[in-house]
Amino acid sequence: MMYSIVVFPSSKVQEVANSYRKRYDSAYALIPPYIRLKEGFELEEAKLPELVSHLEQVASSTESFTAQFHRVSSFHPTTNVIYLALQNKEPFTALHQKIANQCVNEKETYAYVPHLTIGRDLSDDELRDLTGQMSMAKIDLTSEVDRFHLIYQLEDGIWSVYQTFLLKK
């Protein structure tokens, strides 16, 4: 089965992200806005208890923190993805490393850049227009991060939460 590990931001951040995602993100109907901690990976069901145990250990040893979104950016020319950028990437990077170092040893497709996707699969012209318009927008959103989620993909492509892991307060 396909799994991933994500953080879902506050409802306010999700509301802002969805105002763009419903028009520009092909995955809009499949998953709420999220910050990926671990790229999607295949895992045998027999290995799930070991992964859950590792994630519980990571969560119990990680302090909760605040995410600060401060601008819109893109991954162009690598991919035509536009996203809300995080001002404070370090807590996400540290969490990503704790999870990835011991959990699934697959190589990531791309270098880890914590972000919240608001548009994907855009044409070059659409990406240029959006980036130009949105780079002038004032973004000042925060979200408390006190948990992360192990999610799995259903046959219809929709992602569902398998388990939630609470961070230290």
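The UniProt record's numbering applies: residue 1 is where the sequence shown begins, and numbers increase by one.
Backbone N, C-alpha and C fix where the C-beta goes; we use that ideal spot for every residue, glycine too.
**Item:** residue 60 versus 99, 38 and 17, residue with shortest Cα-Cα distance
**Value:** Along the sequence shown, one-based indexing puts residue 60 at 60. If we check each option's Cα against that of residue 60, 99 comes out closest.
**Request:** Could you check the C-alpha separation between residue 2 and residue 78 for me, to the nearest Å?
**Result:** Stepping through the sequence shown from its first residue, residue 2 is reached at position 2. Stepping through the sequence shown from its first residue, residue 78 is reached at position 78. Cα to Cα, residue 2 sits roughly 24 Å from residue 78.
**Asked** At which residues does the alpha helix (DSSP H) containing residue 56 begin and terminate?
**Response** For the purposes of this step, residue 56 is taken as residue 56 along the sequence shown, with counting starting at 1. Start and end: 48–60.
**Message:** Please return the same chain residues whose Cβ sits closer than 8 Å to the Cβ of residue 81, not counting the five positions on each side in sequence.
**Reply:** Counting from one through the sequence shown, the residue named residue 81 turns up at place 81. Answer for residue 81: 74, 75, 117, 119, 120 and 122, listed in chain order.
**Request:** Mind listing, in chain order, the continuous beta strand (DSSP E) runs of no fewer than 3 residues lying wholly within the segment 89–137?
**Result:** Runs found: 115–119.
**Message:** Going by DSSP, what residue range makes up the alpha helix (DSSP H) through residue 172?
**Reply:** Because the chain in this structure spans residues 1 to 169, residue 172 falls outside the shown range and cannot be described.
**Asked** CB-CB under 6 Å to residue 7, same chain, minus the five flanking residues each way: which ones, in chain order?
**Response** Walking along the sequence shown from the start, residue 7 turns up at place 7. For residue 7, where only same-chain residues beyond five positions count, the Cβ hits under 6 Å are 35, 145 and 148.
**Prompt:** When DSSP labels each residue in this structure, what does residue 39 get in the three-state scheme?
**Reply:** Position 39 of the sequence shown, counted from the first residue, corresponds to residue 39. Looking at residue 39 - three-state DSSP - the assignment turns out to be strand.
**Prompt:** Run through DSSP, which three-state label would residue 45 get?
**Reply:** By 1-based counting over the sequence shown, the position of residue 45 is 45. DSSP, reduced to helix, strand and coil, places residue 45 within a helical segment of the structure shown.
**Message:** What would DSSP say about residue 85, mapped onto helix, strand or coil?
**Reply:** Against the sequence shown, residue 85 aligns to sequence position 85. Correct three-state label for residue 85: strand.
**Request:** Taking 8 Å as the cut-off, decide whether the C-beta atoms of residue 114 and residue 86 are in contact.
**Result:** Residue mapping note: residue 114 aligns to position 114 of the sequence shown, counting from 1. Residue mapping note: residue 86 aligns to position 86 of the sequence shown, counting from 1. Taking 8 Å as the Cβ cut-off, residue 114 and residue 86 qualify as a contacting pair.
**DSSP three-state assignment for residue 168, whether helix, strand or coil** = On the sequence shown, position 168 is the one that residue 168 refers to. DSSP places residue 168 in strand when its eight states are reduced to three.
**Message:** For residue 131 and residue 168, I'd like the C-alpha separation in whole angstroms.
**Reply:** For the purposes of this step, residue 131 is taken as the residue at position 131 of the sequence shown. For the purposes of this step, residue 168 is taken as the residue at position 168 of the sequence shown. Roughly 37 Å between the two C-alpha positions.
**Prompt:** Cα-Cα, which of 67, 25, 53 and 12 is closest to residue 150?
**Reply:** The residue given as residue 150 occupies position 150 in the sequence shown. That would be 53, whose Cα lies nearest to the Cα of residue 150.
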